[in-house]
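Number of protein chains: 2
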Amino acid sequence: MKADVENKTLESSEDGTRTRVLDVVEPLLMERGFNAVSYQDISDRIGIRKASVHYHFPTKADLGAAVIRRYADRVDAMHVPVEMLSGGMFAVAFERFLGVFAQIGARSPRVCLGGVLGGEFETLPEAMQVEVRRFFTNLREWLGAVLERGRAQGVFTFAGDGETAARAMVAMLEGALVIGRALRDPDELAAALGTARRMVLPSTREQ
Amino acid sequence: MKADVENKTLESSEDGTRTRVLDVVEPLLMERGFNAVSYQDISDRIGIRKASVHYHFPTKADLGAAVIRRYADRVDAMHVPVEMLSGGMFAVAFERFLGVFAQIGARSPRVCLGGVLGGEFETLPEAMQVEVRRFFTNLREWLGAVLERGRAQGVFTFAGDGETAARAMVAMLEGALVIGRALRDPDELAAALGTARRMVLPSTREQ
DNA sequence: GTCTATACAAAGATAGAC
DNA sequence: GTCTATCTTTGTATAGAC
C-alpha cells in the first residue's frame with residue numbers, strides 16, 4: 002500500500018488505464034454532457050483503441066456511472082461532517098462549499114457534472130440517474146444541516162428552515178454555472194455567490 | 002388575415018406541418034434535450050416520413066433554432082414591457098414571471114428549454130447558441146428592470162442592484178427545475194419560488 | 001409536400017489474435 | 001490489457017418519383 006501517486010484525489014493508488022479514462026472523461030462530460038461524448042473521443046485522447054476502453058468499461062452506462070460516482074464522492078469528501086463543526090467553523094465550511102462552485106466556474110466552459118447530467122436526466126441509464134440523485138441529495142442534506150446548526154450557534158441568519166435555504170442555494174449555483182457559461186459571463190456566478198452569502202451571512206447584508 | 006387557428010400561441014395563422022413539427026419537438030426537447038431527439042422521433046409522432054420533416058427543416062440546426070426562437074418569443078410576449086408598468090402592476094408582473102416557471106414545473110419531467118439547452122450548450126450549432134443566449138439575456142434584462150423600477154416605487158425591497166437580483170433569481174429557478182426533476186421532487190421548485198418572493202417582497206419576509 | 005430509396009458517417013459493442 | 005476486424009443500429013441528409 003505504497004502512497005505514491007502524482008496528484009490523484011482519492012481513488013485507488015495504482016494509476017492504471019481505468020483511472021486515466023475516468024480522468025479524461027470527467028472534464029469531457031462537464032463540458033459536453035453524456036450524450037455528446039463517445040468512446041472515440043476517449044480513445045483519441047488517451048491513445049488507445051475504442052475496444053480497449055470497452056475492456057475497462059463494457060458499456061457506456063458503466064463508464065458514466067463510474068465518473069459521477071467518483072465525482073460525487075470527491076465533492077462529498079470536501080465537506081466536513083456537520084457533527085465535527087462548531088462556532089466559526091460553520092462559516093468556514095460554508096465558504097468552502099461556495100469555493101467548490103467558484104472553482105468550477107473558473108474552469109468554464111465546464112459546469113458542475115450534476116448540472117449537465119441533470120439536463121440530460123431523462124435520457125440517462127438508470128445507474129447514472131441513481132448517482133445524480135445521490136449527488137444532489139447529499140449536497141442538499143449536508144448544506145441544510147450546516148445552515149440549520151450554524152444558525153443555532155448564531156453564525157447564520159435566515160428565514161424558514163435550513164433545508165429550504167439549502168435547496169434554493171444549490172439550485173441557484175447550479176443554474177448560474179450553466180447560464181454563465183452560455184453567456185460567457187463570469188458575473189453570473191459572482192452574482193449567485195454574492196446572493197448566497199447575503200441569504201445567510203448577516204455580515205454581508207448591510208445594503 | 003382571418004384569425005382562425007385552434008389555440009396557437011403566436012406564429013403564422015395557417016397550421017401546416019411546419020408548425021406541427023415545432024409543436025411536437027418543443028416538449029421533446031424540454032424533456033430530452035437536443036442531442037437525444039432525432040428526426041425519427043418526430044416522424045413517428047406526427048405520422049410522416051423523416052424525409053418530409055427534412056423538407057420543412059433541412060438540417061437539425063434549422064429545426065433546433067426555430068424551436069428555441071419560437072419559445073423565447075413566446076416567453077418574451079408574456080412579460081409586459083417595463084415602461085407600461087406602475088404601482089401594484091409590478092407585483093403582478095413579478096408573479097406572472099414566477100408563474101411561467103411554476104407552469105413548467107407542473108409539467109415535469111419537462112424543464113425550461115433554456116435550461117436543458119444550456120446544459121448542452123457547447124455541443125449546439127451556432128444558430129442555436131445565439132438563441133439560447135438571447136433567451137437568457139432578455140429574461141434577465143426584463144426582470145432586472147422590473148425589480149429596479151418596482152423598488153423605486155416601493156413595491157420591492159432588496160439589497161444591491163436589480164440586475165444582480167435578477168441574475169440570481171433566474172439561475173435559481175432554472176436550477177430548481179432541473180434538480181427537482183431529477184429528484185422527482187416538486188418541493189424543489191416550491192422552495193425556489195418561495196425564496197424568490199422572500200428575496201424581494203417585504204410582505205413575505207416575516208419569519 | 002410527401003413518399004421510397006439510399007448514401008454515408010458515427011456510434012456502441014463483441015470476437016478473437018497477440 | 002491492447003490490438004485488428006467486424007457487426008449492427010441509428011442518425012443526418014439527399015435524390016428523385018408521385
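As they're listed, the protein sequences go chains V and F.
Counting in the numbering used here, the first sequence runs from 2 upward without gaps.
Counting in the numbering used here, the second sequence runs from 2 upward without gaps.
Even for Gly, the Cβ is constructed at its ideal location relative to N, Cα and C.
- Against N139(V), chain F offers no close residue; the least beta-carbon distance is about 12 Å (beta-carbon pairs closer than 7 Å).
- Scanning its chain for C-beta atoms nearer than 8 Å, with the 5 sequence neighbours on each side dropped, one finds around L86(V) the residues A94, V147, R150, G151, in chain order.
- A straight-line Cα-Cα distance of about 28 Å links V25(F) and R182(V).
- Y72(V) counts as buried, since no fewer than 16 other beta carbons sit within 10 angstroms of its beta carbon.
- Taking a beta-carbon distance threshold of 7 Å, R152(F) does not count as an interface residue toward chain V.
- Contact annotation: P126(V) and A197(V) have beta-carbon atoms that are not nearer than 7 Å.
- Leaving aside the five residues that flank M200(V) on each side, the residues in its chain whose CB is nearer than 8 Å to its CB run, in chain order, F159, A166, A169, M170.
- The beta carbons of M173(F) and G176(V) sit closer together than 7 Å.
- G145(F) and G163(F) have their alpha carbons spaced roughly 5 Å apart.
- Counting every other CB atom within 10 Å of its CB across the protein chains shown gives A153(V) a total below 16, marking it as exposed.
- Residues of chain V with a Cβ closer than 7 Å to the Cβ of I43(F) do not exist; the shortest Cβ-Cβ separation is about 16 Å.
- Distance from G106(V) to L29(V) at the Cβ level is roughly 18 Å; contact not present, criterion being Cβ atoms closer than 8 Å.
- Scanning chain F for C-beta atoms nearer than 8 Å to the C-beta of R199(V) yields A160, G161, reported in chain order.
- In the displayed model, L184(F) falls within coil according to three-state DSSP, outside both helix and strand.
- In this structure, the alpha-carbon of V156(F) lies about 35 Å from that of Q130(F).
- Cβ neighbours of E27(V) within its own chain (closer than 6 Å, five residues either side excluded): V68.
- Around the beta carbon of A192(V), 16 or more other beta carbons lie within 10 angstroms, which makes this residue buried.
- With a threshold of 7 Å between beta carbons, E27(V) makes no contact with chain F.
- By the 16-neighbour rule on beta-carbons within 10 angstroms, D45(F) is exposed.
- Residue-level contact check: L144(F) does not touch chain V, since none of the beta carbons of chain V fall below 7 Å from its beta carbon.
- When C-alpha distances from N36(F) are compared across G17(V), V117(V), R134(V), the shortest belongs to V117(V).
- Under the Cβ criterion of 7 Å, R33(V) is counted among the residues facing chain F.
- A check of alpha carbon separations from V38(F) across W143(V), E123(V), P59(V), A103(V) identifies E123(V) as the nearest.
- Ranking I180(V), F136(V), R206(V) by CA distance to the CA of G161(F) puts R206(V) first.
- Within the model, the alpha-carbon separation for S53(V) versus P59(V) is close to 9 Å.
- Contact check for L178(F) and F102(F): beta-carbon distance about 7 Å, within the 8 Å limit, so the pair qualifies.
- Residue state for D24(V) is assigned as helix, using DSSP reduced to three classes.
- DSSP places H55(F) in the helix class (H, G or I) of the three-state scheme.
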